[in-house]
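Colleague:
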Amino acid sequence: MTNLQLTPQERYALWTSDPYFDPALQAELRALLAFPKEIAERFNGWPTFGTGGMRGQLGAGESRINAVTVALATRGLARTIRSRPAGARPRGVVIAFDTRLQGAWLAEIAAACLISQDIPVFFSETCRPVPILSFAVRHLQADAGIMITASHNPAQYNGYKVYGADGGQITLDTAGQIMQAMQSVSDPRTMGRVDPAAARRSPLWQVLPESVDAAYLDYLSKTQIRPENLQSTDLNVVYTPLHGTGALYVEKILRAAGISQIRTVQEQAIPDPFFSTVFMPNPESPEAFAKAVSLAESVQADLAVATDPDSDRVGVFARAASGQYQALSGNQIGLLLMEYILRSRHDLRQLPDDAFCVTTRVSTRLAERVAETYQTELQETLTGFKYIGERIQWFDEEAGQTFCFGFEESFGYLAGTLVRDKDALQALLLICELAAEAKAKGQSLIDRLDSLYQHYGYAAEKTVSIEFSGLDGLQEQRSVMTALRQRLTTGEASLIGGQTARSWQDYQKPNEPEYHNGAHNPRYLPPADMLYWEMGGELGLDWICIRPSGTEPKLKIYLGAYAGDPARAADHLAHLLDGMTELILSCR
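Residue 215 in this note's numbering is what sits at position 93 of the sequence shown, and the numbering runs on without skipping anything.
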């Protein structure tokens with residue numbers, strides 16, 4: 123919290139009166155004079171780094187995303203770069219932004235802050251996708267990367283993601299160092315002002331070269347598994363970038379791969395920071411596909427696909443034999459891609475004995491069965507793609523194992539090592555490869571998914587969020603987690619939906635061999651505020667997990683139920699969800 127000696131109301135008065143603060147921010151705050159609760163919420167401390175970095179609503183105040191909070195976070199990053207051994211000159215930071223409100227401006231603020239600390243920057247003058255930012259950090263051998271984005275959140279949000287020298291999201295340790303540096307600033311005025319216009323004249327300001335895009339696209343073509351699937355295909359694809367960065371790349375990538383029947387939803391190809399044609403630019407949401415599915419129906423496309431504004435997530439609607447379009451969940455896409463990659467590499471004799479895949483603890487348990495089929499090690503991480511990136515870094519570079527594929531249930535996928543975050547552009551290529559293979563055999567992706575379910579078992583999986591609003595939202599969230607832990611220790615939380623848990627795990631206090639010095643051995647999960655129940659069920663795979671969101675005051679409940687019949691799997695899931703909802707409500 124800033125100015126610890128001052129109350130939120132006093133800090134509000136400082137922000138509205140001192141000429142250090144931007145007049146537009148001051149005007150916004152003055153309009154809140156009659157709303158003390160809103161003032162208290164905006165002056166409740168700096169934003170924190172969660173699994174996806176620093177994210178929040180744009181606006182004035184300590185807890186919002188604005189030039190002050192971005193400058194503060196960037197100063198913290200600069201301190202971590204400058205803390206390296208004496209004589210180690212900074213190699214630079216890659217900075218990019220997507221199509222969101224104030225993205226370019228906030229990116230310029232970050233660049234100016236770094237240059238004021240004698241740290242070079244490679245600045246993207248146009249919006250670029252997350253995977254290209256991640257690739258650029260590695261390609262240019264930079265110290266770090268900054269992406270100004272709020273991913274798939276509504277238009278009033280923006281955020282700040284930091285990448286390490288490996289191109290992956292920063293570790294919790296680095297995030298902690300940045301937060302510590304932020305918290306140490308009791309008065310933001312002590313940072314001084316930065317002038318992006320002056321910083322641009324510095325030799326430390328370099329434009330991110332277009333050659334990075336060319337190198338990324340070359341890498342992308344090399345990550346294809348069966349490129350011949352697309353070179354003579356009649357696959358028909360409709361694509362929407364949802365007003366994001368994908369509009370600059372996806373159609374070009376798919377056409378270069380051989381897909382001639384690719385149509386983009388033109389009214390959603392406009393880089394609109396207000397995302398005017400959708401409520402939320404989220405490819406996880408079926409509502410975001412309304413225009414894409416409408417176009418797909420009119421041209422009888424095989425697929426309707428969408429990427430979010432920063433092009434790290436991808437969603438899919440596939441045309442079934444009935445002609446209807448069916449949404450695929452993040453788990454279903456991940457399962458399809460994992461099976462396709464392992465099967466194809468096995469058939470092509472390109473699957474190494476030391477191959478491994480990575481998924482998260484809250485993703486589909488059917489991934490275990492696919493990995494077993496192809497005798498491939500499956501690693502599990504905590505929720506968040508940053509942990510998948512860490513596993514790739516350690517096992518690929520330190521242990522010498524070969525990374526094949528990683529995914530999480532929230533529509534994030536990766537199949538190469540030169541990008542270390544979710545890559546929707548690459549995932550789209552592989553999805554189209556698989557769809558083209560299926561179409562050549564007279565099948566759709568829906569048919570292919572059903573054949574996997576028949577072989578491995580049917581899945582019913584769901585994620586539910588319980589939100590806690592207002593100033594006390596975070597405290598109420600913590601209270602529920604505390605109550606759940608107390609009931610677990612007494613056995614009260616072991617019976618859920620009429621089913622007794624086989625076992626449960628509190629990841630805040632991991633036990634051997636689940637956890638052993640996770641800071642030095644990434645094979646084990648580090649401590650986390652997460653509860654996990656093994657529920658058994660028909661196939662012995664049912665599970666429930668609950669954890670706080672990394673970026674918002676809400677609890678996320680993840681559930682999975684598996685059976686030899688889809689109706690039974692759905693019925694098991696409904697019982698688990700009803701039981702868990704009842705348990706949480708009793709803890710509020």
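Backbone N, C-alpha and C fix where the C-beta goes; we use that ideal spot for every residue, glycine too.
Predicted, not measured: the structure shown is a model, and the values here were computed from it.
(1) What three-state label does DSSP hand alanine 428 in the structure shown?
(2) Taking 8 Å as the limit between beta carbons, can you name the residues of its chain near aspartate 240, skipping five residues before and five after?
(3) Quick check on the DSSP output: the beta strand (DSSP E) that includes phenylalanine 478 runs from which residue to which?
(4) State the start and end residues of the unbroken beta strand (DSSP E) segment that holds threonine 170.
(5) Pull up the CB-CB distance for tyrosine 338 and phenylalanine 257, whole angstroms please, since I reckon it's below 8 Å.
(6) Decide if the stretch 530-548 is in contact with the stretch 565-576; the criterion is three or more beta carbon pairs, one per stretch, under 8 Å apart.
(7) Of the choices Ala615, Gly613, Pro169, Gly178, whose alpha-carbon is the least far from that of glycine 198?
(8) Look at methionine 657 and isoleucine 666 and say whether their C-beta atoms are less than 8 Å apart.
(9) At which residue ranges does the stretch 504-530 contain complete beta strand (DSSP E) runs of 3 or more residues, listed in the order of the chain?
(10) Pick out whichever of His274, Gly289, Ser616 has its Cα sitting closest to the Cα of proline 363.
(11) If you follow the alpha helix (DSSP H) that aspartate 572 is part of, which residue opens it and which one closes it?
(12) Counting along the chain, where does the alpha helix (DSSP H) carrying cysteine 235 start and finish?
(13) Please determine if the stretch 173-185 and the stretch 135-152 are in contact, where contact requires at least 3 C-beta pairs separated by less than 8 Å.
(14) Figure out for me which residue from Val484, Ile384, Ile618, Pro393 has the closest Cα to the Cα of leucine 504.
(15) When the Cβ atoms of the stretch 441-460 are set against those of the stretch 366-378, are three or more pairs found closer than 8 Å?
(16) Do glutamate 406 and arginine 435 have their CB atoms nearer than 8 Å?
(17) Given arginine 690, which residues of its chain have a CB within under 7 Å of its CB, disregarding the five upstream and five downstream residues?
(18) Mapping DSSP to helix, strand and coil, what is glutamine 131?
(19) With a threshold of 8 Å on Cβ separation, who are the neighbours of leucine 562 within its own chain once the five nearest residues in sequence on each side are excluded?
(20) When we look at the beta-carbon of alanine 149 and count the other beta-carbons within 10 Å, is it buried (16 or more) or exposed?
(21) Report buried or exposed for valine 259, applying the criterion of at least 16 other Cβ atoms within 10 angstroms of its Cβ.
(22) Rounded to whole angstroms, what is the Cα-Cα separation between glutamine 328 and leucine 294?
(23) Applying the criterion that 16 or more other CB atoms from any shown protein chain within 10 Å of the CB defines a buried residue, is aspartate 335 buried or exposed?
(24) Report yes if the C-beta distance between glutamine 390 and lysine 413 is below 8 Å; otherwise report no.
(25) Name the DSSP beta bridge partners of phenylalanine 590, please?
(26) I need the straight-line Cα distance from alanine 277 to phenylalanine 517, nearest angstrom please.
(27) Considering glutamate 419, what are the terminal residues of the alpha helix (DSSP H) in which it resides?
(28) Closest by CA to aspartate 545, which one among Leu342, Ala195, Ile292?
(29) What's the C-alpha gap between arginine 491 and methionine 603?
(30) Taking proline 395 as the reference, which of Gly175, Gln224, Leu154 has the closest Cα?
(31) Have a look at leucine 698 and glutamate 674 and give me their C-alpha separation to the nearest angstrom.
(32) What separation, rounded to the nearest whole angstrom, lies between the Cα atoms of tyrosine 279 and threonine 611?
(33) Let me confirm a value: valine 316 is counted as buried when at least 16 other C-beta atoms fall within 10 Å, else exposed. Which label applies?
(34) Candidates Leu450, Thr312, Leu606, Leu262: which alpha carbon is nearest phenylalanine 244's?
(35) Between the alpha carbons of arginine 487 and histidine 468, how many angstroms are there, rounded?
(36) Please list the terminal residues of the continuous alpha helix (DSSP H) segment that includes glutamate 490.
Modeller: So, from the listed chains and residues:
(1) strand
(2) Pro212, Leu326
(3) 477-482
(4) Threonine 170 -> no beta strand (DSSP E), and no H or E assigned at all.
(5) 5 Å
(6) no
(7) Pro169
(8) yes
(9) 524-530
(10) His274
(11) 567-578
(12) 225-238
(13) yes
(14) Val484
(15) no
(16) yes
(17) Glu660
(18) helix
(19) The displayed chain sequence assigns alanine, not leucine, to residue 562. Excluding sequence neighbours, alanine 562 sits near Asn351, Thr355.
(20) exposed
(21) buried
(22) 29 Å
(23) buried
(24) yes
(25) According to DSSP, phenylalanine 590 bridges with nothing at all.
(26) 38 Å
(27) 412-421
(28) Leu342
(29) 31 Å
(30) Gln224
(31) 24 Å
(32) 39 Å
(33) buried
(34) Leu262
(35) 21 Å
(36) 488-495
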